[in-house]
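To start, the structure itself, in structure tokens.
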Amino acid sequence: MKMLDHDVLATVVAVAETGNMTRAAEAVNRSQSAVSMQIKSLEDAIGRPLFVRKPRSIVLTREGEVLLGFARRMLALRDEAWAAVVRPEVTGKVVIGVPDDYASSLLPSVLKKFSATYPKVEIQVIGLPSSALAPLLKEGTVDLVCGTRIKGLSGDFIRHEPMAWAAMTNGPRVWEERPLPIAVFMPGSVARENAIRSLERAKLPFRTSYESPSLLGLLSMVEAGLAVAPLARCAIPAQLSMLGRSHGLPDLPPLELILARSTKSKRPPCDFLADQLMEDLQRQTGQAGDA
Numbered sequence: 001m002k003m004l005d006h007d008v009l010a011t012v013v014a015v016a017e018t019g020n021m022t023r024a025a026e027a028v029n030r031s032q033s034a035v036s037m038q039i040k041s042l043e044d045a046i047g048r049p050l051f052v053r054k055p056r057s058i059v060l061t062r063e064g065e066v067l068l069g070f071a072r073r074m075l076a077l078r079d080e081a082w083a084a085v086v087r088p089e090v091t092g093k094v095v096i097g098v099p100d101d102y103a104s105s106l107l108p109s110v111l112k113k114f115s116a117t118y119p120k121v122e123i124q125v126i127g128l129p130s131s132a133l134a135p136l137l138k139e140g141t142v143d144l145v146c147g148t149r150i151k152g153l154s155g156d157f158i159r160h161e162p163m164a165w166a167a168m169t170n171g172p173r174v175w176e177e178r179p180l181p182i183a184v185f186m187p188g189s190v191a192r193e194n195a196i197r198s199l200e201r202a203k204l205p206f207r208t209s210y211e212s213p214s215l216l217g218l219l220s221m222v223e224a225g226l227a228v229a230p231l232a233r234c235a236i237p238a239q240l241s242m243l244g245r246s247h248g249l250p251d252l253p254p255l256e257l258i259l260a261r262s263t264k265s266k267r268p269p270c271d272f273l274a275d276q277l278m279e280d281l282q283r284q285t286g287q288a289g290d291a
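Going left to right, the sequence shown walks through residues 1 to 291 as full-length UniProt numbering numbers them.
Printed below as a string of structure tokens:
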């Protein structure tokens, strides 16, 4: 049935998971008007609404929830069928660049699934900040970059990653100190820039007590009770708390997670891994990010 082709089903899934026509359009690489038209045409064909438009979001109707379940299954079956046909023939190597906090919190399940599907493809991961990965992508040293959108690094939108202030709350109440001691990534990091702008806007005095390109370095300072760190939520381990306005700290804007591809990487394994990353990361409910 034309109305239930895979493009339409992918749009339904994107709208349901983002709750927003604009972000759904970014996810499926279409214009917002095209996405709205697809949904309206499908609703007209079915004769029932699939979504309810609310002031700040779009939510599924009962019929929409039923269709969403089938859409996910049909898209997964399509991918399984494709993999079953091409898997024996796919070989090669893919080099992916990822900031270390994305690598530890978002990629393991995706790469495990990809390796099971394409066992003959070698994957190499380079862990660097997004700013350091941008030139490597341009020169073709890495095939893909899963990172934060920054100047000089653009790509396909995956999702927004909310941030929070990471702190050790079972010791000194370091978040109440003024000036506030912060541990941040090096200059060029979007997470760092977001934090400093938010503090300045809130007129909250602060001091940079630690700078590092490494997530591990920031976490060590936080765990020692010496600073708070502005991090993507998925990068904050369970032993630390996520603080915000209720603790006297300003809200932090989200990071924009993207997937960028090198123009010099046209091999099939790169395309397959890129598709896997886009699909799985858009479906994950956890959030993350370094810049």
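Glycine is no exception: its CB is placed at the ideal position from the N, C-alpha and C atoms.
Small disclaimer: the values here were computed from a predicted structure and weren't measured.
Give me whichever residues DSSP pairs with residue i in a beta bridge.
| i | result |
| --- | --- |
| Phe70 | Per DSSP, none; premise fails for Phe70. |
| residue 305 | Examination of residue 305 is not possible in this model, given that the chain is present from 1 through 291 alone. |
| Met242 | Ala166 |
| Leu180 | Phe206 |
| Phe51 | Leu60 |
| Val94 | Ile123 |
| Leu153 | Ile150 |
Please state whether DSSP places residue i in a helix, a strand or coil.
| i | result |
| --- | --- |
| Ile236 | coil |
| Thr117 | helix |
| Glu122 | strand |
| Glu211 | strand |
| Thr11 | helix |
| Val190 | helix |
| Met168 | coil |
| Phe272 | helix |
| Leu111 | helix |
| Ala229 | strand |
| Leu249 | coil |
| Arg75 | One point to set straight first is that residue 75 is Leu, not Arg, in the sequence displayed. Leu75: helix per DSSP, three-state reduction. |
| residue 305 | Only positions 1 to 291 of the chain appear in the structure, and residue 305 is not among them; the question remains open. |
| Arg197 | helix |
| Val142 | coil |
| Arg283 | helix |
| Leu216 | helix |
| Pro129 | coil |
| Arg23 | helix |
| Arg105 | The sequence given here places Ser at residue 105; Arg does not occur at that position. Here Ser105 sits in helix by DSSP. |
Would you say residue i and residue j are within 7 Å of each other, going by their C-beta atoms?
| i | j | result |
| --- | --- | --- |
| Leu75 | Leu4 | no |
| residue 335 | Ser198 | A question about residue 335 goes unanswered here, because the residues of the chain that appear run from 1 up to 291. |
| Pro269 | Gly19 | no |
| Val222 | Ala229 | yes |
| Pro205 | Pro187 | no |
| Ala134 | Gly155 | no |
| Val90 | Val121 | yes |
| Ile123 | Ile258 | no |
| Ile126 | Val110 | no |
| Ser241 | Thr169 | yes |
| Ser262 | Leu137 | yes |
| Ala16 | Leu60 | yes |
| Ala71 | Val13 | yes |
Measuring CA to CA, which of the options is closest to residue i?
| i | options | result |
| --- | --- | --- |
| Pro99 | Val145, Lys93, Glu139 | Val145 |
| Ile236 | Lys266, Asp275, Ala167 | Ala167 |
| residue 322 | Thr148, Ser33, Arg173 | Here the chain comprises residues numbered 1 to 291, so residue 322 is not present and cannot be evaluated. |
| Ile58 | Asp79, Ser36, Ala45, Leu249 | Ser36 |
| Ser265 | Ile46, Ile96, Val66, Thr61 | Ile96 |
| Arg78 | Asn170, Asp7, Ser246 | Asp7 |
| Gly69 | Leu50, Ala81, Trp82, Glu80 | Leu50 |
| Phe272 | Glu17, Val12, Phe114 | Phe114 |
| Arg267 | Ala27, Lys112, Val94 | Val94 |
| Val66 | Pro55, Ala116, Arg56, Ile46 | Ile46 |
| Ser105 | Leu216, Pro253, Ala116 | Leu216 |
| Thr22 | Arg56, Glu43, Arg48, Leu252 | Arg56 |
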